[in-house]
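Chains as they are written, first to last, in the working numbering: chain G, 1 to 143; chain L, 1001 to 1143.
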DNA sequence: CATATATCAGATAAATTTTTCTGATTTAAT
DNA sequence: ATTAAATCAGAAAAATTTATCTGATATATG
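Below you can see the structure in the form of structure tokens.
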């Protein structure tokens, strides 16, 4: 099982993180990216299609084509990738699975989870891909 | 999609929370519990079997049988239910899905997520079912 | 213009998770 | 004893998610 994001989303995050460490003039095809993040090529390709539609990633068809970061790494936050792939339900639904969990009708851990959820959102919104670049490089190299 | 726990686990948490608001001398059969937490009877029954094996819930077979909290609500923490059903992988795996994420080989958000993960663990370990009783009652009534 | 190599779109397959079903066993009550 | 009502165990079905395949289209290059 994944932690809080879907597998799709994890792969999307990994792929974008990888792209952010590379010169955005250089294209990487799905095969190359899949190899870098050690994930199945077709799945990576599918996820990159989603991210292409949402404008985070750009693609070029045909020979010597591939994918690239469509925005400057300084402008992209991880939260964008999460929202584009998994949507916002992780940040809205009750952690215990109760329906209609809200301030007016809270579950037993509503406030505590609310705080953690907001901090998680912040964690993904605060730093840009360029802020994370050094750490990302170190991690990618180790894969 | 669920937030961080599986559906099994959500139902387990809800069922145990419900039981903790009731006199532990009284038995509730799967049908009744399912009705209370508004979830499919057979699924509730399956999850209660898991919790019975792990000793959190007790069961009595035969006519007038049913389930009950096997421990005092003052002794049970939500984390026990989570570990019994989903295991500890949520608290161990990399939130970005990278393999071998560790202090020696951290992902770009390793430390930040580590903090949140620990706080989530604490949130589930700190208060007992009896501490949560008032809040639980209020929520259950509203379902 | 022809060819090789990409993405892209959508269908299909496989795997996993969720849900339901069936039958066996247990037990209280008559 | 017999019966009714419950858990329990495991299989089966349905749904969802993950992964793969196929064919169409696009494009750089010779």
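For every residue, glycine included, the Cβ atom is placed at its ideal position computed from N, Cα and C. The model shown is predicted, which means the values in this text are computed figures rather than measured ones.
Using a Cβ cut-off of 9 Å (strictly closer), state whether residue 1022 (chain L) contacts chain G.
-> With 9 Å as the cut-off, residue 1022 (chain L) does not count as an interface residue toward chain G.
Contact between the region 18-33 of chain G and the region 57-75 of chain G: three or more CB pairs below 8 Å?
-> Result yes; three or more Cβ-Cβ pairs closer than 8 Å.
Where the alpha helix (DSSP H) containing residue 61 (chain G) begins and where it ends | From DSSP, residue 61 (chain G) is part of no alpha helix (DSSP H); its letter is neither H nor E.
Residue 120 (chain G) versus residue 1123 (chain L): straight-line alpha-carbon distance, rounded = CA-CA distance, residue 120 (chain G) to residue 1123 (chain L), rounds to 15 Å.
Please confirm whether residue 51 (chain G) and residue 81 (chain G) have their CB atoms less than 9 Å apart.
-> The answer is yes: Cβ separation under 9 Å.
Could you pull the start and end residues of the beta strand (DSSP E) that residue 1097 (chain L) belongs to?
-> It is not in any beta strand (DSSP E) - residue 1097 (chain L) carries neither H nor E in the DSSP assignment.
Closer than 9 Å to chain G by CB, residue 1076 (chain L) = Chain G, which has no Cβ nearer than 9 Å to the Cβ of residue 1076 (chain L), makes this no.
Report the neighbours of residue 1145 (chain L) on chain G: residues whose CB is nearer than 8 Å to its CB, in chain order.
-> Outside the shown range of chain L, which is 1001 to 1143, sits residue 1145 (chain L), and nothing can be said about it.
Any contact of the region 1-21 of chain G with the region 74-89 of chain G, i.e. 3+ C-beta pairs under 8 Å?
-> A contact exists between the region 1-21 of chain G and the region 74-89 of chain G.
If you count every other CB in all the chains shown that lies within 10 Å of the CB of residue 49 (chain G), and 16 or more means buried, which is it?
-> Exposed, because fewer than 16 other Cβ atoms sit within 10 Å of the Cβ of residue 49 (chain G).
Closest to residue 78 (chain G) by CA distance: which of L:1096, L:1079, L:1071 and L:1111 is it?
-> Ranking the options by Cα distance to residue 78 (chain G), first place goes to L:1096.
Going by DSSP, which residues form a beta bridge with residue 1077 (chain L)?
-> According to DSSP, which records beta bridges pairwise, residue 1077 (chain L) is partnered with L:1128.
Could one say the Cβ of residue 1019 (chain L) lies closer than 9 Å to chain G's Cβ atoms, at least one of them?
-> Taking CB atoms only, residue 1019 (chain L) has no neighbour in chain G less than 9 Å away.
Which whole-angstrom value describes the C-beta separation of residue 33 (chain G) and residue 18 (chain G), a residue pair presumed to lie in contact below a C-beta threshold of 8 Å?
-> Indeed they touch by this definition, with Cβ atoms about 6 Å apart.
Give the straight-line distance between the Cα atoms of residue 75 (chain G) and residue 131 (chain G), rounded to the nearest whole angstrom.
-> Cα to Cα, the separation comes out at about 10 Å.
Which residue's Cα is closest to the Cα of residue 110 (chain G): L:1105, L:1136, L:1125 and L:1108?
-> Relative to residue 110 (chain G), the option among L:1105, L:1136, L:1125 and L:1108 whose CA is nearest is L:1136.
Looking at the structure shown, is residue 122 (chain G) part of a helix, part of a strand, or coil, going by DSSP?
-> In the structure shown, residue 122 (chain G) falls within a helical segment according to DSSP collapsed to helix, strand and coil.
Between the region 1068-1093 of chain L and chain G, which residues of the former have CB atoms less than 8 Å from a CB of the latter, in chain order?
-> Look at the region 1068-1093 of chain L: the residues with a C-beta under 8 Å from a C-beta of chain G are 1078, 1086, 1089, 1090 and 1093.
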